[in-house]
Amino acid sequence: MIVAFTDGGTPWPARRLPVPLVVALIGAHAVDTAPAWAKTVRVTPAAAVAA
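No gaps in the numbering here: position 31 of the sequence shown is 31 in this note's numbering, and each next residue is one more.
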């Protein structure tokens, strides 16, 4: 398994990889440019928690 942390500006392979690809889009302005065969998740900042 490959996990790629990106803002979406990553050049992706033209063909499906022989292992699963998980794309973690970092930040609110990340653009989903991942290939359709990849699993995509968004990573956004958590709300501030008062101590």
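The C-beta atom is built at its ideal place from N, Cα and C for all residues, glycine as well.
By how many angstroms is the C-alpha of Pro-45 removed from the C-alpha of Pro-11? Looking up residue 11 in the sequence shown gives position 11. Looking up residue 45 in the sequence shown gives position 45. Approximately 25 Å between the Cα atoms of the pair.
Nearest-angstrom beta carbon gap, Val-43 and Leu-25 [assumed within contact, 8 Å]: For this step, residue 25 is matched to residue 25 along the sequence shown. For this step, residue 43 is matched to residue 43 along the sequence shown. That pair is a contact at about 7 Å.
If you measure between the beta carbons of Ala-36 and Val-23, is that distance less than 8 Å? Counting from 1 along the sequence shown, the entry for residue 36 is found at position 36. Counting from 1 along the sequence shown, the entry for residue 23 is found at position 23. Taking 8 Å as the Cβ cut-off, Ala-36 and Val-23 do not qualify as a contacting pair.
C-alpha gap between Val-19 and Met-1, whole angstroms: As a working mapping, residue 19 is identified with position 19 in the sequence shown. As a working mapping, residue 1 is identified with position 1 in the sequence shown. Straight through space, the alpha carbons of Met-1 and Val-19 are spaced by roughly 5 Å.
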